[in-house]
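Trainee: Following the UniProt record's numbering, the numbering of the first sequence begins with 1 at its first residue and continues without gaps.
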Amino acid sequence: MPSPPPSTAAAAALQLEPLLPHLSTLSHYKQFHARLHALGTLHSYPSLRARFLDRLALLPHADALPHALLLLRSLPSPATNDFNAALRGLAASPHPARSLLLLAGRLLPAPAPPRPRLDALSLSFALKATARCSDAFATLQLHATLFRLGVAADVRLMTTLLDSYAKCGDVASARKVFDEMPVRDVATWNALLAGLAQGTEPNLALLLFRRLAGSFRELPPREEPNAVTVVAALSACAQLGTLKDGLAVHEFARTIGAVDNVCVGNALIDMYSKCGSLSRALEVFHSIKLEDRTLVSYNATIQALSIHGHGEDALKLFDEMPARIEPDEITYLAVMGGCNHAGLVDDGRRVFDSMRVPPNMKHYGTIVDLLGRAGRLAEAYDMIMSMPFPADIVLWQTLLGAAKMHGNVDLAELAATKLADLGSNVDGDYVLLSNVYASKSRWVDVGRVRDTMRSNDVKKVPGFSYTEIDGVMHKFINGDKEHMRWREIYRALDEIGSRICALGYEPETSNVLHDIGEEEKQYALSYHSEKLAIAFGLISTPPGETIRVIKNLRTCGDCHVVAKLISKAYNRVIIIRDRARFHRFEDGHCSCRDYW
DNA sequence: GTAGGGTTAG
Numbered sequence: 001m002p003s004p005p006p007s008t009a010a011a012a013a014l015q016l017e018p019l020l021p022h023l024s025t026l027s028h029y030k031q032f033h034a035r036l037h038a039l040g041t042l043h044s045y046p047s048l049r050a051r052f053l054d055r056l057a058l059l060p061h062a063d064a065l066p067h068a069l070l071l072l073r074s075l076p077s078p079a080t081n082d083f084n085a086a087l088r089g090l091a092a093s094p095h096p097a098r099s100l101l102l103l104a105g106r107l108l109p110a111p112a113p114p115r116p117r118l119d120a121l122s123l124s125f126a127l128k129a130t131a132r133c134s135d136a137f138a139t140l141q142l143h144a145t146l147f148r149l150g151v152a153a154d155v156r157l158m159t160t161l162l163d164s165y166a167k168c169g170d171v172a173s174a175r176k177v178f179d180e181m182p183v184r185d186v187a188t189w190n191a192l193l194a195g196l197a198q199g200t201e202p203n204l205a206l207l208l209f210r211r212l213a214g215s216f217r218e219l220p221p222r223e224e225p226n227a228v229t230v231v232a233a234l235s236a237c238a239q240l241g242t243l244k245d246g247l248a249v250h251e252f253a254r255t256i257g258a259v260d261n262v263c264v265g266n267a268l269i270d271m272y273s274k275c276g277s278l279s280r281a282l283e284v285f286h287s288i289k290l291e292d293r294t295l296v297s298y299n300a301t302i303q304a305l306s307i308h309g310h311g312e313d314a315l316k317l318f319d320e321m322p323a324r325i326e327p328d329e330i331t332y333l334a335v336m337g338g339c340n341h342a343g344l345v346d347d348g349r350r351v352f353d354s355m356r357v358p359p360n361m362k363h364y365g366t367i368v369d370l371l372g373r374a375g376r377l378a379e380a381y382d383m384i385m386s387m388p389f390p391a392d393i394v395l396w397q398t399l400l401g402a403a404k405m406h407g408n409v410d411l412a413e414l415a416a417t418k419l420a421d422l423g424s425n426v427d428g429d430y431v432l433l434s435n436v437y438a439s440k441s442r443w444v445d446v447g448r449v450r451d452t453m454r455s456n457d458v459k460k461v462p463g464f465s466y467t468e469i470d471g472v473m474h475k476f477i478n479g480d481k482e483h484m485r486w487r488e489i490y491r492a493l494d495e496i497g498s499r500i501c502a503l504g505y506e507p508e509t510s511n512v513l514h515d516i517g518e519e520e521k522q523y524a525l526s527y528h529s530e531k532l533a534i535a536f537g538l539i540s541t542p543p544g545e546t547i548r549v550i551k552n553l554r555t556c557g558d559c560h561v562v563a564k565l566i567s568k569a570y571n572r573v574i575i576i577r578d579r580a581r582f583h584r585f586e587d588g589h590c591s592c593r594d595y596w
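1) For the candidate residues N190, A131 and F178, whose alpha-carbon lies nearest to that of S164?
2) In the DSSP assignment, the beta strand (DSSP E) including F125 goes from what residue to what residue?
3) Nearest to G423 by alpha carbon, out of G407, Q397 and G447?
4) So what does DSSP say about C590, is it helix, strand or coil?
5) Between L48, S27, D427 and M453, which lies nearest to Q15 when the distance is taken from Cα to Cα?
6) In this structure, does DSSP put R584 in helix, strand or coil?
7) If you draw a straight line from the alpha carbon of E291 to that of G338, how long is it in whole angstroms?
8) Apart from the five residues on each side of it in sequence, which residues of its chain come closer than 8 Å, Cβ to Cβ, to R442?
9) Could you tell me whether the stretch 483-490 touches the stretch 453-461, where touching means 3 or more Cβ pairs closer than 8 Å?
10) Kindly indicate which three-state DSSP category I330 falls into: helix, strand or coil?
11) Between the stretch 207-225 and the stretch 262-270, do three or more beta carbon pairs fall short of 8 Å?
12) Quick one: grab the DSSP three-state call for L490.
13) A580 and R554 - do their beta-carbons sit closer together than 7 Å?
14) Considering only heavy atoms of the ligand MN, does any lie closer than 6 Å to the CB of R376?
15) Restricting to runs no shorter than 4 residues, where is the alpha helix (DSSP H) found entirely within the stretch 344-390?
16) Below 7 Å CB to CB, which residues in the same chain sit around C559 once its five sequence neighbours on both sides are set aside?
17) Going by DSSP in three states, T467 sits in which element: helix, strand or coil?
18) How would you write the range of the alpha helix (DSSP H) that H28 sits in, first residue to last?
19) Given that a residue counts as buried once 16 or more other Cβ atoms are within 10 Å of its Cβ, and exposed if not, what is F389?
20) Quick one: grab the DSSP three-state call for H474.
21) I believe G407 touches S439 by the beta-carbon criterion, under 8 Å. Please report the beta-carbon distance rounded to the nearest angstrom.
22) Looking at the secondary structure, which residues open and close the alpha helix (DSSP H) in which V446 lies?
23) Considering just the uninterrupted stretch of the beta strand (DSSP E) at V549, what are its terminal residues?
24) Looking only at C-alpha atoms, which of V155, E320, A166 and T159 sits nearest to F137?
25) According to DSSP, is L14 helix, strand or coil?
26) Less than 7 Å between the beta carbons of I302 and V284, yes or no?
27) Should S306 go down as buried or exposed, given a rule of 16 or more other Cβ atoms within 10 Å for buried?
28) Between the alpha carbons of A391 and G365, how many angstroms are there, rounded?
29) When you compare only the Cα positions, how much space is there between R593 and S567?
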C-alpha cells in the first residue's frame with residue numbers, strides 16, 4: 001500500500017497520539033491499529049507504534065497479546081522498542097517462558113527479520129519472566145548475556161537480576177550480585193530482604209532488617225528503608241510467629257510513617273494473625289478506612305478468623321465484602337477453611353457451590369476435608385470423582401485421614417492404593433492405613449502394612465516444635481535430647497504425666513503404628529516435640545504466663561488431649577500454632593472444640 | 001516515555 005506523503009503522516013500521528021491513553025477495549029485497539037496502518041504511520045512513526053504495541057501487549061484480554069505478536073511479526077524490521085513491548089507482554093502473561101523464546105528469535109517468522117539490538121529493558125523483562133517461572137538456569141544465562149552484550153549494568157537492572165535469582169531460589173547468587181553492586185538503593189535492599197524472607201531464611205531476613213532499621217538515620221536517602229522494607233520484614237515475622245519481632249517492626253513502621261500504606265496494613269494483619277494475636281489483627285483491619293481496604297485486606301482478615309477458629313465471623317466478613325471487591329480463589333479458600341475448622345459443614349458446602357471462580361486443587365482439598373471430617377465420606381469421595389482434573393497426593397491423604405477417623409476400611413484401602421500409584425511414601429500414610437485395620441482387629445493386614453513399610457524404605461516427615469523464651473527460640477524434635485536442659489524437661493514431663501493421670505488421662509495410642517508394644521507406644525507419644533516444648537515452657541516461665549508453641553505438622557490427638565489437661569492442671573493458657581490453625585487451650589478446653 | 005523491591009493460599 002502506498003504511504004501518504006510524510007506531512008500527512010505526521011499530521012495523522014499528531015492526531016492519533018492523544019487517543020492512545022484512552023484506548024480501553026480490544027476493539028478500540030483494533031480500530032486504532034487499522035488507522036495507524038491506513039494513515040501510513042505504522043512504519044513512519046516507530047515510537048508511536050511501539051507505545052501502541054506496549055499497551056496492547058499488556059491489555060488484560062485473552063486476544064490482546066496474540067494480536068500484538070501478530071503486529072510484531074508483520075513488521076519487516078522491528079525496532080528494539082517493538083521487541084521490548086512484546087517481551088514485556090509475554091513476561092507478564094500466563095506463559096512467561098514464551099518471552100524467552102521470543103528473545104531467542106523463535107517467535108518471529110521465517111526467514112527471520114534482523115533481530116533488533118537488545119538493551120537493558122529487554123533483559124529486564126526477560127529476567128522478570130525467568131523469575132516468574134523460577135528458572136534459575138535461564139536467569140544465569142541472562143546474567144551471562146548481560147555481560148556478553150555489554151549492557152550497562154545500572155542499579156535497576158542489577159536489582160532485577162538479584163530479585164530474579166532470589167525468586168528462583170538461588171539466594172547465594174542473589175547475595176553475590178548484591179555484594180558486587182557498586183551502587184545500591186532501597187529497592188536493592190528490599191529485593192534481598194524479600195528474597196530471604198520468602199525463601200527459607202526468615203531469620204536472616206530479620207537480621208538484615210534489624211541492621212537496616214538500626215542505622216537508618218545514617219543511610220543515604222536513596223537507601224532509607226520504606227514501606228516495602230516493612231512489608232518484607234513483616235512477612236518474615238509471620239513465618240516465624242515471633243510476636244515480639246512483629247511488634248518491633250510495627251513500631252518501626254510508625255517511625256517512618258509507613259503505617260498508612262495499605263500493603264503494610266495487610267501485612268500487619270497477616271503477621272498479627274500468625275503470631276497468635278487475632279485481636280491486634282482485627283484492630284489493624286478496622287483501622288484501614290473502608291474505601292482503602294483491598295481484596296488482600298479481606299482475604300488476610302478472613303484467613304485470620306479462620307485459623308483462629310472463628311468460622312462464623314469469617315463467613316460474616318465474607319458476606320460483608322463491598323460490591324466493588326470480587327472474591328478470588330484465596331477468599332474462597334480462606335472462608336471454606338474457616339468453615340472446616342469450625343465444623344460448619346453445610347455453610348462450607350454452600351460457599352463451595354456458590355463459587356464464582358473455578359475451584360482448584362486446594363478448594364477441593366478443603367471441601368473433601370470438611371465433608372470427610374463430618375463423616376460424609378461418600379460425598380467426599382464423589383467430590384473427588386467429580387473433579388475436572390486428577391486428585392493429587394495431598395487430596396488422597398485427606399481422604400485417607402477421613403477414612404481412618406470414621407473407620408472405613410474400603411475407602412482407606414482405595415486412598416492408600418492411589419497414594420502408592422502416585423509415588424507417595426511417607427510414614428503418615430502407612431500409620432493411618434494400619435490404624436484403620438487395627439480398629440477392626442485385622443492384625444494380619446496390620447502386619448502386611450508394617451512389612452511394606454520395611455521394604456519400601458519409608459520417609460519419615462520429622463515433626464518439630466519451637467517456643468520462644470526471653471527472646472530466644474528453642475527448637476524441639478520428637479524425642480530429642482539435644483536441648484541443654486533435656487534432663488529437666490524429661491523430668492517435668494514425668495511429673496506432668498502423673499498430674500494429668502489424676503485428671504483421668506489415658507494415652508491416646510491409636511496414632512502410633514501398631515508394630516510396637518503398648519509401653520513403647522506410650523513412650524513414642526510422650527516425647528512428641530510439642531510436649532517437649534510445652535514442658536520447657538512450664539519450667540522456664542513464671543506461673544500463669546501463656547505458653548506459645550509453633551509446630552510444623554498438625555497436632556496429634558494425644559498431644560491435643562495432653563495440652564488440654566495441662567492447661568487445667570497447671571492453670572496455664574497454652575497456644576499452639578500448627579500447620580493448619582491455632583489451638584488455644586484454657587481450663588481443660590481447646591478453642592477448636594476438638595474439631596480440627 | 002519505556003525498567004527494579006511488597007501482603008492473602010489444603
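Using N, Cα and C, we set each Cβ at its ideal position, and we do this for glycine too.
Mentor: Working from what's here:
1) Along the first sequence, read from residue 1 onward, the residue named residue 164 stands at position 164. With distances taken between Cα atoms, S164 lies closest to A131.
2) For the purposes of this step, residue 125 is identified with residue 125 of the first sequence, where counting begins at 1. Careful: F125 lies outside any beta strand (DSSP E), inside the alpha helix (DSSP H) at A120 to R132.
3) Here residue 423 refers to the residue found at position 423 when the first sequence is read from its first residue. Of the listed residues, the one whose Cα sits closest to G423 is Q397.
4) Position 590 of the first sequence, counted from the start, is the residue given in the question as residue 590. The answer is strand: DSSP assigns C590 an E or B state.
5) Within the first sequence, residue 15 is the residue found at index 15, counting from 1. It is L48.
6) The residue labelled residue 584 in the question sits at position 584 within the first sequence. Note: R584 maps to strand in three-state DSSP.
7) Stepping through the first sequence from its first residue, residue 291 is reached at position 291. Stepping through the first sequence from its first residue, residue 338 is reached at position 338. If you take the alpha carbons of E291 and G338, they lie about 25 Å apart.
8) Within the first sequence, the letter at position 442 stands for residue 442. Excluding positions up to five away in sequence, the list reads V409.
9) The way I'd put it, the stretch 483-490 doesn't touch the stretch 453-461; fewer than three beta-carbon pairs between them come closer than 8 Å.
10) Along the first sequence, one-based indexing puts residue 330 at 330. Helix at I330.
11) no
12) What you label residue 490 is simply residue 490 of the first sequence in a count that begins at 1. It is Tyr, not Leu, that sits at residue 490 in the sequence shown. Y490: helix per DSSP, three-state reduction.
13) What you label residue 554 is simply residue 554 of the first sequence in a count that begins at 1. What you label residue 580 is simply residue 580 of the first sequence in a count that begins at 1. Yes, the pair counts as a contact, with Cβ atoms nearer than the cut-off.
14) This structure lacks the ligand MN, and indeed carries no ligand of any kind.
15) 345-353, 361-373 and 377-385
16) One-based indexing of the first sequence puts residue 559 at position 559. For C559, where only same-chain residues beyond five positions count, the Cβ hits under 7 Å are H528, E530 and K531.
17) As a position in the first sequence, residue 467 is number 467, starting the count at 1. In this structure, T467 counts as strand in the three-state DSSP scheme.
18) Here residue 28 refers to the residue found at position 28 when the first sequence is read from its first residue. Counting along the chain, the alpha helix (DSSP H) containing H28 begins and ends at L26 to A38.
19) What you label residue 389 is simply residue 389 of the first sequence in a count that begins at 1. Per the 10 Å Cβ criterion, exposed.
20) What you label residue 474 is simply residue 474 of the first sequence in a count that begins at 1. Residue state, collapsed to three classes: strand.
21) For the purposes of this step, residue 407 is taken as the residue at position 407 of the first sequence. For the purposes of this step, residue 439 is taken as the residue at position 439 of the first sequence. Their Cβ separation, rounded to whole angstroms, is 5 Å, which keeps G407 and S439 in contact under 8 Å.
22) Residue 446 sits at position 446 when you count from the first residue of the first sequence. Counting along the chain, the alpha helix (DSSP H) containing V446 begins and ends at W443 to N456.
23) Taking the first residue of the first sequence as position 1, residue 549 is located at position 549. It spans I547 to K551 - the beta strand (DSSP E) in which V549 sits, taken as one unbroken run.
24) Within the first sequence, residue 137 is the residue found at index 137, counting from 1. Ranking V155, E320, A166 and T159 by Cα distance to F137 puts A166 first.
25) Counting from 1 along the first sequence, the entry for residue 14 is found at position 14. Helix, per DSSP.
26) Along the first sequence, read from residue 1 onward, the residue named residue 302 stands at position 302. Along the first sequence, read from residue 1 onward, the residue named residue 284 stands at position 284. Going by C-beta atoms, I302 is not nearer than 7 Å to V284.
27) The residue you call residue 306 lines up with position 306 of the first sequence. The residue is buried, with at least 16 neighbouring Cβ atoms inside 10 Å.
28) As a position in the first sequence, residue 391 is number 391, starting the count at 1. As a position in the first sequence, residue 365 is number 365, starting the count at 1. C-alpha separation (whole angstroms): 9 Å.
29) Here residue 593 is taken as the residue at index 593 of the first sequence, counted from 1. Here residue 567 is taken as the residue at index 567 of the first sequence, counted from 1. Approximately 14 Å between the Cα atoms of the pair.
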